[in-house]
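> Got a structure for you, written out below as structure tokens; questions coming shortly.
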Amino acid sequence: MTRDQNVDQQDAKSEFNCINRRQFLLYGAGAVSTLALGSIFGSSSSFAGQAQFAQYPRKRIVGLSELKTDQPIEFLYPNDDPTYSKCLIVNIGERAGGGVGPAQNIVAFSGICTHMGGLLNKVYKPEHKAIGPCPNHLTTFDITRHGMVIAGHAVESLPQIVLEVEGNSIYATAVAGLIFGGPTNPGMMFR
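Under the numbering used here, read the sequence shown as residues 1 to 191, first letter to last.
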């Protein structure tokens with residue numbers, strides 16, 4: 001090989017500035033680290049914020065003295081249309097997420113399954129503090145933990161009715177979560 005041919009080969013290599021395996025791994029590790037640190041130390045707005053509720057007119061549901069432990073009472077909220085407003089309120093006898101009352105043990109939830117709209121108003125299980133299984137596809141919700149799914153096909157928690165206590169009365173004021181049957185809760189407004 002002549003000297004001119006050797007120079008031509010070097011020029012050909014320099015035209016295609018490819019990175020080698022070591023450089024590829026180094027650049028790749030740098031990119032992954034940057035993405036990971038960005039998600040950890042991202043903007044403060046990704047961590048700050050308040051829960052959003054579909055707020056509706058305040059409605060008296062029941063008196064504190066009317067609730068018996070582990071005996072749910074059915075009601076309609078946010079309006080009187082039974083198609084998507086069936087709910088239940090229950091004193092579960094132990095502290096619960098989002099609970100109200102002196103012991104924070106009174107909670108209310110939508111009575112419509114988030115998977116395919118099965119009716120849950122008759123399937124409260126006091127021994128497990130759960131609503132379900134849904135008669136359609138067996139989804140069960142833990143009502144001590146904001147209605148999270150504990151079994152079944154649903155991927156969304158059961159919408160929790162936001163309650164307030166005033167004197168001896170319990171009022172529903174908002175819905176935390178999407179009521180089954182539409183892309184947004186009807187008349188949805190944010191606090």
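C-beta: ideal position from N, C-alpha, C; glycine also.
Which whole-angstrom value is the C-beta distance of Glu166 and Lys129, which I expect to be below 8 angstroms?
Actually they are not in contact, since the Cβ atoms of Glu166 and Lys129 sit about 26 angstroms apart, beyond 8 angstroms.
> Which value, in whole angstroms, describes the spacing of the CA atoms of Gly177 and Gly147?
Near 10 angstroms, if we compare the C-alpha coordinates of Gly147 and Gly177.
> Is it a yes or a no for the region 100–109 touching the region 156–166, going by three-plus beta-carbon pairs under 8 angstroms?
Short answer: they touch.
> Quick check on Met189: does DSSP put it in helix, strand or coil?
For Met189, the predicted structure reports a pLDDT of 41, less than 50, and the residue's modelled location is therefore unreliable. A value from the coordinates is still provided. Met189 falls in the coil class under three-state DSSP.
> According to DSSP, is Phe24 helix, strand or coil?
It is helical.
> Is Leu163 near Tyr124, with beta carbons less than 9 angstroms apart?
No, they are not a contact pair.
> Helix, strand or coil, according to DSSP, for Ser85 in the structure here?
Coil, per DSSP.
> His137 to Thr69, Cα distance in whole Å?
Spanning the two alpha carbons is a distance of roughly 28 angstroms.
> Under a Cβ-count criterion, where at least 16 other Cβ atoms within 10 Å of its own Cβ denotes burial, should Tyr27 be classed as buried or exposed?
Result: exposed.
> Per DSSP, which one or two residues make a beta bridge with Ala172?
Bridge partners of Ala172: Lys59 and Leu163.
> For a test of your reading of the model: does the CB of Arg22 fall under 8 angstroms from any non-hydrogen atom of the ligand PLP? Yes or no.
Ligands are entirely absent from the displayed structure, and the ligand PLP is therefore not among its contents.
> Would you mind giving the Cβ-Cβ distance between Val175 and Pro57, rounded to the nearest angstrom? I have them listed as a contact below 8 angstroms.
Wrong, their Cβ atoms sit about 12 angstroms apart, outside the cutoff.
> Using DSSP with H/G/I as helix, E/B as strand and the rest coil, what is Val149?
Correct three-state label for Val149: strand.
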